Amino acid sequence: MQIERLRTFLDAPDEADAWFSPLGVADPRTGHANLLRLASAGLPLDLLGNICDQFAAVAPMLPDADMALNNLERFLLSARNLLSTAALFERDEDALPELLKLFSCSQSLADLLCTDPESYDLLRMTGGEPVAREVLTEELLGELQPVSGEAEVMSALRRFKRRETLRIAYGDIIAGHDVGTVARQISYVADAVVEAALDFARRKFAAKQVSRNGGAKSPPNIAVLALGKLGGLELNYSSDIDLVFLLDEKHAGADASEAAVRIATDLIRLLSDSTDQGFAYRVDMRLRPYGRQGPLCPTVEQALAYYDRQGRTWERQAYIKARTIAGDVAAGERFLDELESWVYPRYLSLADISGIRALRRRIEQKSLTDGLASNVKTGHGGIRDIEFVIQFLQLLAAGNDPSLRTGNTLEAIERLEQAGCLTHRERMILHENYAFLRRVEHRLQIMYDQQVHSLPATTSATARLARRLGYPGATLAAAYAAFEREFAERTELNRRILNHLLHDAFAGDPADEPEVDLVNDPNPDEEEIARVLGRYPFRDVNAAYDNLMSLAHEPIPFLSTRRCRLFLASIAPRLLAAIAETPDPDATLVTLSRVSDSLGGKAALWELFSNNHPSLNLYVTLCAACPYLVSILTSSPGMIDELMDSLLVEHLPDLPRLERSLTELAHGAEDLDPILHSFKNAQHLRVGVRDIVGKDDIQATHAALSDIAEACLKQIAAAELEKLLDKHGQPTIGPLAEEIDEQRQAAPWLPSSADAGRPCDLIVLALGKLGGREPNYHSDLDLVFLYEAEGNTAPRNRGRNNPTSNNHFFSQWAQRIMKTANYFGPQGRLYEVDPRLRPTGKSGAIALPLESFVEYFRSGGGQLWERQALLKARIILGGEPARSRAEAALAAAIDCTPWQPGNAEAIWNMRLKLQENASTQNLKRGPGGTVDAEFLVQMLQLKHGRELPEVRVTGTLDGLERLAAAGCLSVEHAERLAADYRLMRSVEARIRLMNSAGRHEFPDDPREADKLAYLMGVASGQALTDNVARAKWLTRELVEQLFFTAMKD
0 MQIERLRTFL
10 DAPDEADAWF
20 SPLGVADPRT
30 GHANLLRLAS
40 AGLPLDLLGN
50 ICDQFAAVAP
60 MLPDADMALN
70 NLERFLLSAR
80 NLLSTAALFE
90 RDEDALPELL
100 KLFSCSQSLA
110 DLLCTDPESY
120 DLLRMTGGEP
130 VAREVLTEEL
140 LGELQPVSGE
150 AEVMSALRRF
160 KRRETLRIAY
170 GDIIAGHDVG
180 TVARQISYVA
190 DAVVEAALDF
200 ARRKFAAKQV
210 SRNGGAKSPP
220 NIAVLALGKL
230 GGLELNYSSD
240 IDLVFLLDEK
250 HAGADASEAA
260 VRIATDLIRL
270 LSDSTDQGFA
280 YRVDMRLRPY
290 GRQGPLCPTV
300 EQALAYYDRQ
310 GRTWERQAYI
320 KARTIAGDVA
330 AGERFLDELE
340 SWVYPRYLSL
350 ADISGIRALR
360 RRIEQKSLTD
370 GLASNVKTGH
380 GGIRDIEFVI
390 QFLQLLAAGN
400 DPSLRTGNTL
410 EAIERLEQAG
420 CLTHRERMIL
430 HENYAFLRRV
440 EHRLQIMYDQ
450 QVHSLPATTS
460 ATARLARRLG
470 YPGATLAAAY
480 AAFEREFAER
490 TELNRRILNH
500 LLHDAFAGDP
510 ADEPEVDLVN
520 DPNPDEEEIA
530 RVLGRYPFRD
540 VNAAYDNLMS
550 LAHEPIPFLS
560 TRRCRLFLAS
570 IAPRLLAAIA
580 ETPDPDATLV
590 TLSRVSDSLG
600 GKAALWELFS
610 NNHPSLNLYV
620 TLCAACPYLV
630 SILTSSPGMI
640 DELMDSLLVE
650 HLPDLPRLER
660 SLTELAHGAE
670 DLDPILHSFK
680 NAQHLRVGVR
690 DIVGKDDIQA
700 THAALSDIAE
710 ACLKQIAAAE
720 LEKLLDKHGQ
730 PTIGPLAEEI
740 DEQRQAAPWL
750 PSSADAGRPC
760 DLIVLALGKL
770 GGREPNYHSD
780 LDLVFLYEAE
790 GNTAPRNRGR
800 NNPTSNNHFF
810 SQWAQRIMKT
820 ANYFGPQGRL
830 YEVDPRLRPT
840 GKSGAIALPL
850 ESFVEYFRSG
860 GGQLWERQAL
870 LKARIILGGE
880 PARSRAEAAL
890 AAAIDCTPWQ
900 PGNAEAIWNM
910 RLKLQENAST
920 QNLKRGPGGT
930 VDAEFLVQML
940 QLKHGRELPE
950 VRVTGTLDGL
960 ERLAAAGCLS
970 VEHAERLAAD
980 YRLMRSVEAR
990 IRLMNSAGRH
1000 EFPDDPREAD
1010 KLAYLMGVAS
1020 GQALTDNVAR
1030 AKWLTRELVE
1040 QLFFTAMKD
């Protein structure tokens, strides 16, 4: 600011608003007074102008510009040499901005600097760099060595703490040191102060002994242990310190104990008595043995005996953070070494588990009662929540893993991930969020050097806090909004994770859930095993226990058995209850153990099941009665994700989505076979799971299985076509007769004269179950290969191809499609493709032109059963106009012979012939089996389809509906047949999932029938047997009646 303008400004307070307001100064008049007092104190206007310019540059981003300016005035007016201090700001362009930032972030730091302005130079020289613990201790001990007066010592201790706090805060606020470094440095300062205070208390005691007794008597050296935040090297700017004093039993005489108490009492007073400089630290002694009622300085042996006999779980939690910080270090370390096995028992007894449960309830209750959202420490998802849960996990796991024995929360979080007790995501979130909350806490406390944990009550104060934390934004309001949003998101995420870890460790009350205790008990006796597992219908309780325990063990070395056992315990009651509902609980548990071993990462499974109850029930169902789906899971462990997706998605993917997905997977692949198998397995798993849990009915299940097969066939066809095109060129429609267009009027499947030379297309017909979009999990695929017309291949892309006839090209293409689908490789056969339903059967050409296809039927070669088979024909491959011409060819082939009076009888006789070699248990070809309804629908479609083409749909259930709508079948009969058909097809599908040897055979073995009933959701195997027998009897009676009626027409 130019001197003349500054002089005008100082003389005109009314102009203050115009200059100060854009800088974020809330009280321009006070700001003007600050500058005026500096000028009046003799500060040259050129230096004051420089101060104004620098202030204007940084003020908009300061948390509190008014506070900064007011403290700057105090600082300069307190300086020994106002001129030289102001000149420093002119020489060093960083000096004033950094000072203003400190003044704006902390009133307590501003007060310290204003008390001793010259310390700012030293502070900037050190840069706030961390100092080793030993250096701090030696420096303070050296300062106090010549001091003998208690008041002087107390003053020195407080000066040292203030000086070092200033250094640490400078490193925190200006240098940006991380939270861990800041907290460790604050703790090192406390260590040094305690050590120095203890040293003086011992010297004072020794001096009194000399004056009283006339001889030197060495005072007892007590060990000082720090617990809580100081023990964990994570002290706040304004924390209490939790101490425990111990006396080595070698000095345990009456005099020594009394002397130790005096020294300890003096130490506490030196730290906590309030002087004109305040106190050094508030000392909390409640964590010593017996609490407030206990001796102030017990011996090591007394303390060990207390914890051995009376120690509580919450005291174990406290001692996780124990650290010897002063005095008799050897005695302190010996005590902690001997206590370690108590703090971290190798195995948790039932009493330990009860204590941990009580600790969990205490954590939750504290959070409920104290957990104000604005409290950084005790609020939901706050600092204490994280610390308690981390200590909770340490108590559970550190007995077997000494690496987890650390008192520092951030270190513990890292180590818990390394030990497998936290996932990488959990570790990352908890580490980041804990550091975030501690940083907020530091900013709250350094403001006024007070033990504050709550966010400010006003929006404006919270906005300034956000600025102190470095939140950007053009305005304080923007910084406030960003901080509030992040604070809420982080604490909510903390709470979700911590709830998950707490509840999944021990979810229920021990009295109600002995299964939890059994899983956690490392060595239960046989009576306990029998008592707990005897409540379930296991034939061999000891074998069941062994299999249950195998679920608690991770066989893969780098996975955590501790985490595995933790989450298994949380689901054990529900898991065993679900297993008990299966037809053979012993076999289910054996299979579950085997499958879980093959999947690996059991802890992740149990954790998943603890959050998602339906997934646990589904997993048990699969292991109890679905070996087909289990084989998919065990052959490809990654399929567990597909299993979960099947429960979450609303609908199965349609055919276009399946095709896109498979095309992406196969892009650039040299070997298509493993990709096709993996795709089919993943999709079958999805379909099977949704089938079992009732998300899709049998018609939707069949349609999905059809789409999967169709997508695979199209991918195979596309891959093989490219190879043949490279080899032979593009097949084209050959020269055509001049009268071809006239012929097309009666034969629309023929090409037109304009088609000559155009690329020729393959048409693939799906017949049978695939044609009707109703295949089962292991159905064969009946295919017929056609092409538009004869011709030859033409060179492709001007390449050198080996030309051939269309018949040879499309026959090769068809053979390659079948060979790829039928190939039996390491993963088995993809599909069994059957081309025997083509015209002329096995001896006929594998691929026919449309003209030859129609001619075969028109010439009388096509039998009634072949025309009946074509009713299921559906085009699954072929573009336009080939598809439309193939539709016309199909209609011509089916209707080439009018309906004859004897056709109904002939079709019924074919039906009876199919059942000749079938057992009465056969759901497909046996009496009343699914073929009954299928033949009835096809008979009626042949009879009425020429006049009522709408009845000709390829699916059996759709056919029943269309025939009823057209009046060819009563609605009552159609619904009766559809219901029984659905039942039998559903039973058949479950039989396929059971991998039974007889794909269509209803099981004779009652145990297998019970498994089938379990999958069907029916009470018993006998009940299901009766339901199926009734459906078959009713179907046969009705179908027979309807056929006999048709025979009379």
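Start counting the sequence shown at 0; every next residue gets the next number (numbering that gives the first Met the number 0).
Where is the CB? At the ideal position from N, CA and C, for every residue including glycine.
Since this is a predicted model, take the numbers as computed values, not measurements.
In the assembly as shown, residue 744 is an exposed residue. Its beta-carbon has fewer than 16 other beta-carbons within 10 Å. Excluding its 5 nearest sequence neighbours in each direction, residue 723 has C-beta neighbours in its own chain below 8 Å: 808, 811, 812, 815, listed in chain order. The three-state reading of DSSP puts residue 33 in helix, counting H, G and I together. The beta-carbon distance between residue 385 and residue 220, rounded to whole angstroms, is 37 Å. This is too long to meet the 8 Å contact definition. Of the candidates 270, 659, 283, 283 places its Cα closest to the Cα of residue 230. In summary, residue 331 is buried, with 16 or more beta-carbon neighbours lying within 10 Å of its beta-carbon over all protein chains present.
Straight across, the Cα-Cα distance linking residue 516 with residue 575 is about 14 Å.
The C-beta separation of residue 956 from residue 962 comes to about 11 Å, leaving the pair out of contact by the 8 Å criterion. Membership of residue 172 in the alpha helix (DSSP H) is indicated by the continuous run 149 to 172. Under the rule that a run must span 3 or more residues, the beta strand (DSSP E) segments found entirely inside the region 813 to 865 read 846 to 848. Counting other Cβ atoms within 10 Å of its Cβ, residue 287 reaches 16 or more and is therefore classed as buried. Under a 10 Å Cβ-count criterion, residue 680 is classified as buried, with 16 or more other Cβ atoms of the shown protein chains found around its own Cβ.
Collapsing the DSSP output to three states places residue 662 in a helix. Under DSSP, residue 326 takes part in a beta bridge, and its partners are 222. Around the C-beta of residue 82, fewer than 16 other C-beta atoms lie within 10 Å, and the residue is accordingly described as exposed. By the neighbour-count criterion, in which a residue is buried when 16 or more other Cβ atoms sit within 10 angstroms of its Cβ, residue 121 is exposed. By the Cβ rule, the region 301 to 320 does not count as touching the region 164 to 178, because fewer than three pairs are nearer than 8 Å. By a beta-carbon distance limit of 8 Å, residue 766 contacts residue 783. Their separation comes to about 6 Å. When the alpha-carbon of residue 420 is set against those of 438, 433, 391, 447, the nearest one is in 391.
Sequence-distant Cβ neighbours of residue 732 in its own chain, meaning closer than 7 Å and more than five residues away, are 750, 754, 755, 756, 757, 759, 787, 788, 790.
Relative to residue 626, the option among 401, 990, 553, 423 whose CA is nearest is 990.
By the neighbour-count definition (other C-beta atoms within 10 Å, threshold 16), residue 380 is a buried residue. Residue burial is scored here from C-beta neighbours: residue 862 has fewer than 16 other C-beta atoms within 10 angstroms and is therefore classed as exposed.
Looking at the DSSP output, residue 1000 bridges to 921. Taking C-beta separations shorter than 8 Å and ignoring five residues to either side along the sequence, the partners of residue 891 in its chain run 746, 748, 853, 856, 857, following chain order. Fully enclosed alpha helix (DSSP H) runs of no fewer than 4 residues occupy 382 to 396 of the region 370 to 407, in order along the chain.
When the alpha-carbon of residue 981 is set against those of 204, 741, 340, 701, the nearest one is in 701. By the CB criterion at 8 Å, residue 631 and residue 684 fall inside the cutoff. Inclusion of residue 1011 and residue 1023 in the CB contact set at 8 Å is warranted, their separation being smaller than that value. Setting aside the 5 residues that flank it on each side, residue 0 is surrounded in the same chain by 48, 51, 52, each with a C-beta closer than 7 Å to its C-beta; the list follows chain order. Residue 277 is bridged by DSSP to 274. In terms of Cα proximity to residue 691, the closest of 985, 524, 1030, 275 is 985.
At the C-beta level, residue 455 and residue 464 come within 8 Å of one another. Under the three-state reduction of DSSP output, residue 795 falls in the coil class, being neither helix nor strand. By the 16-neighbour rule on beta-carbons within 10 angstroms, residue 762 is buried. Annotation for residue 234: 182, 185, 186, 189, 228 place their beta carbon closer than 7 Å to its own, counting only its chain and skipping 5 residues before and after.
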